[in-house]
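See structure below.
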Amino acid sequence: MSKPIKIRKGLNIKLKGKAEKILVKAEPSDRYAVKPVDFAGLIPKMLVKEGDAVKSGTALFVDKNRPEVLFASPVSGTVESVVRSEKRRILEVVVKSDGQWTAEDFSKIKPENLTKETITEYLLAGGVWPFIRQRPYAIVANPKDTPKSIFISCFDTAPLAPDYDFIFQNVDPNFQTGIDTLTKLTSGKVHLCVHTEYPPAACFAKAKNVEIHQFSGPHPAGNVGVQIHHIDPVNKGETVWYVNPQDVLVIGRLMNKGEYDVSKTIVLCGSEIHHPRYYKVRGGCRMTAFADNVETRRATFLRYISGNVLTGARVAADGYLGFYDSQVTVIPEGDHYEFLGWAMPGFGKYSAGRTFFSWLMPNREYRLDTNLNGGRRSIVMTGQYERVLPMDIYPEHLLKAILAGEIEKMEQLGIYEVAEEDFALCEFVCTSKTDVQAIIREGIDMMIKEMS
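Counted the way the working numbering counts, the sequence shown spans residues 31 to 482.
Below, the structure written as structure tokens:
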């Protein structure tokens with residue numbers, strides 16, 4: 031095990047609604063969805079139409095630019111609808127479950143004596159390739175590339191994030207099989223990152239064929255981009271892949287069982303949840319599965335977020351879980367205004383600085399809503415971003431280079447290393463109320479277009 035890495039820059043946002051370590055099985059949803067909008071840069075090409083019968087693992091659509099990358103149905107049933115935007119962009123492919131959980135039969139294989147090419151073809155055919163993502167660009171990995179390393183972040187420091195040590199409290203042999211598979215895909219090492227403040231789950235501590243790294247510090251210490259930056263930075267022309275630990279299980283199940291099984295444990299949390307806890311679900315499940323645990327007594331509108339409050343996607347109360355998400359957060363909607371809100375002492379208000387006297391109570395938890403608490407204005411060079419971004423880059427200069435369309439400057443300032451989630455705290459503390467994450471994605475899309 032390598033020397034622990036201490037992250038000093040960052041910010042922990044203490045929200046109400048942290049989940050108890052209680053695991054329950056959610057009632058099966060009647061409908062499940064795969065959302066092309068979850069995959070940055072994807073142009074989907076449909077392989078099925080409404081009314082078609084599908085099984086778990088049946089390909090629903092492919093990437094138009096890389097047709098070998100399949101996106102599969104999480105359950106068996108019937109394709110009920112293909113939801114499109116006004117401009118015909120595909121938003122969701124909804125499958126009505128038949129409750130039988132019938133799966134496509136993929137042959138079982140063992141990764142030990144197979145080549146990278148054979149395993150790649152198998153993972154593509156089995157529909158699990160989209161679980162493997164890459165830096166630069168934070169997109170689905172290119173199967174034709176060979177990464178210099180692969181990262182698995184086994185802890186999450188985002189607000190109310192799931193505890194992977196609890197989720198993996200029982201050793202699952204599929205996890206090791208997934209790791210053994212990933213080792214065949216890289217010319218370098220598989221890096222497994224854990225937190226130093228508590229002992230890792232046995233599933234992580236006993237993992238073989240990996241190099242274990244310890245991290246400590248505030249959020250975003252759990253972001254895989256931060257971990258890559260400190261262990262194996264991405265330079266121009268290089269590629270690093272990364273996989274969520276629960277998605278490693280999906281890969282392992284395909285190898286061991288020959289089935290596309292996207293069962294996962296998610297955390298239902300937030301101040302508007304009666305009993306925040308962990309649920310066993312299938313990927314793409316509907317939010318209605320948790321409706322009886324959502325607070326409805328308060329006279330307020332709610333925001334359902336698939337993911338955490340910093341980087342998650344807003345969904346409807348009857349919407350669907352995101353492809354990569356292991357968290358559902360429900361908080362109050364910011365639909366009200368406060369007279370002289372900024373001028374009040376604010377003992378009950380959260381502030382990342384010392385704007386309000388609440389800084390005297392550092393351990394207090396807050397029921398925050400989505401109010402912007404201010405108006406948008408020009409970007410001001412305040413140095414706020416540097417205090418919460420533990421990377422050796424100049425964030426404000428990078429943002430200005432993106433807005434100016436300066437490709438060479440973007441390269442020099444670290445565009446290959448970053449993704450939206452790395453700048454989520456910058457957006458949270460931003461005095462100018464700038465949509466920082468959207469600007470970063472705009473820059474990444476610019477680079478993809480330039481380099482293609």
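Glycine included, every Cβ here is placed at the ideal spot set by N, Cα and C.
TODO: Compare the C-alpha of Tyr354 against each of Thr461, Gln467, Ser293 and name the closest.
DONE: Ser293
TODO: Pick out the complete beta strand (DSSP E) segments inside the region 111-178, 3 residues or longer, and give them in chain order.
DONE: The region 111-178 contains these whole beta strand (DSSP E) runs: 120-127, 163-165.
TODO: Go to Cys456, then tell me how far its alpha helix (DSSP H) extends in each direction, as first and last residue.
DONE: 454-459
Open item on the list: Let's test the definition: count the other Cβ atoms within 10 Å of the Cβ of Leu428 and tell me whether it reaches 16, buried, or not, exposed.
Closed with: buried
- [ ] Run the CB neighbour count on Met391, radius 10 Å, all protein chains shown included, and call it buried at 16 or more, exposed below.
- [x] exposed
TODO: Return helix, strand or coil for Phe181, following the three-state DSSP convention.
DONE: strand
TODO: Hey, could you find the ends of the beta strand (DSSP E) Arg307 is sitting in?
DONE: Where Arg307 is concerned, the enclosing beta strand (DSSP E) stretches over 307-312.
TODO: Could you tell me the boundaries of the alpha helix (DSSP H) in which Asp60 lies?
DONE: Counting along the chain, Asp60 falls outside any alpha helix (DSSP H), and DSSP gives it neither H nor E.
TODO: Report all residues from its chain with a CB closer than 7 Å to the CB of Ile149; omit the five preceding and five following residues, and keep chain order.
DONE: Answer for Ile149: Pro141, Thr211, Lys214, Leu215, listed in chain order.
Open item on the list: So for Cys315, helix, strand or coil by DSSP?
Closed with: coil
Open item on the list: By the three-class DSSP mapping on this structure, what secondary structure does His259 have?
Closed with: helix
Open item on the list: Which residue marks the beginning of the alpha helix (DSSP H) containing Pro275, and which one marks its end?
Closed with: 275-287
Open item on the list: Suppose the cutoff is 6 Å on Cβ atoms and the five residues either side in sequence are ignored; what does the same chain contact list for Glu110 look like?
Closed with: Val124, Lys126
Open item on the list: Short of 7 Å in beta carbon distance, which residues of its chain neighbour Glu480, apart from the five on each side in sequence? Order them along the chain.
Closed with: Ile437
Task: Nearest to Val466 (by Cα), restricted to the options Val92, Met477, Asp452 - done: Asp452
Open item on the list: Using C-beta distances below 7 Å, list every residue in its chain close to Tyr396, excluding the 5 sequence neighbours before and after it, in chain order.
Closed with: Lys44, Leu45, Lys46, Tyr380
Open item on the list: Less than 8 Å between the C-beta atoms of Thr295 and Ile197, yes or no?
Closed with: yes
- [ ] Output the residue ranges of the alpha helix (DSSP H) runs that lie fully inside the region 175-231 and measure 4 residues or longer, sorted by chain position.
- [x] 194-197, 203-213
- [ ] Have a look at Gln442, Gly314, Asn323 and flag the residue whose alpha-carbon is nearest the alpha-carbon of Val67.
- [x] The shortest Cα separation from Val67 among Gln442, Gly314, Asn323 belongs to Gly314.
TODO: Assign Asn200 to buried or exposed, taking buried as 16 or more other Cβ atoms, counted over all protein chains shown, within 10 Å of its Cβ.
DONE: exposed
Task: Contact between the region 174-186 and the region 213-233 (3+ Cβ pairs under 8 Å) - done: yes
Task: As assigned by DSSP and simplified to three states, the class of Lys44 - done: coil
Open item on the list: Our contact map puts Val105 next to Met76 with C-beta atoms below 8 Å; I'd like the distance itself, whole angstroms only.
Closed with: With 8 Å as the limit, Val105 and Met76 do not qualify as a contact, their Cβ atoms being about 18 Å apart.
TODO: Verify the contact flag: Pro173, CB atom, against every heavy atom of the ligand FAD, threshold strictly below 7 Å.
DONE: Absent from the structure shown: the ligand FAD. Ligands present: none.
Open item on the list: Whole angstroms are fine: how far does the CA of Arg407 sit from the CA of Leu90?
Closed with: 43 Å
- [ ] For Glu80, collect the residues of the same chain with a Cβ closer than 8 Å to its Cβ; drop the 5 residues on either side in sequence, then sort them by chain order.
- [x] For Glu80, same chain residues with a beta-carbon under 8 Å away, outside a window of 5 residues either side, are Val109, Glu110, Ser111, Val112 in chain order.
Task: Collapsed DSSP secondary structure at Gly107 in the structure displayed - done: strand
Task: Neighbour-count burial assignment, Ser336, 16 or more Cβ in a 10 Å radius - done: buried
TODO: Name the one or two DSSP bridge partners that Glu241 has.
DONE: His221
Open item on the list: Let me confirm a value: His204 is counted as buried when at least 16 other C-beta atoms fall within 10 Å, else exposed. Which label applies?
Closed with: Looking at the sequence itself, residue 204 is Asn, so the reference to His does not match. Answer is buried; the Cβ neighbour count reaches 16.
- [ ] With DSSP as the reference, label Ile73 as helix, strand or coil.
- [x] When DSSP states are grouped into helix, strand and coil, Ile73 belongs to the coil group.
Task: Same chain, Cβ closer than 6 Å to Val78, five either side skipped, listed in chain order - done: Leu90, Val109
Task: Among Ala155, Phe161, Leu284, nearest to Val64 - alpha-carbon criterion - done: Ranking Ala155, Phe161, Leu284 by Cα distance to Val64 puts Phe161 first.
Open item on the list: Less than 8 Å between the beta carbons of Leu190 and Gly87, yes or no?
Closed with: no
TODO: Return the residue from the list Lys146, Arg471, Gly405, Lys266 that minimises the CA-CA distance to Leu433.
DONE: Among Lys146, Arg471, Gly405, Lys266, the Cα nearest to that of Leu433 is on Arg471.
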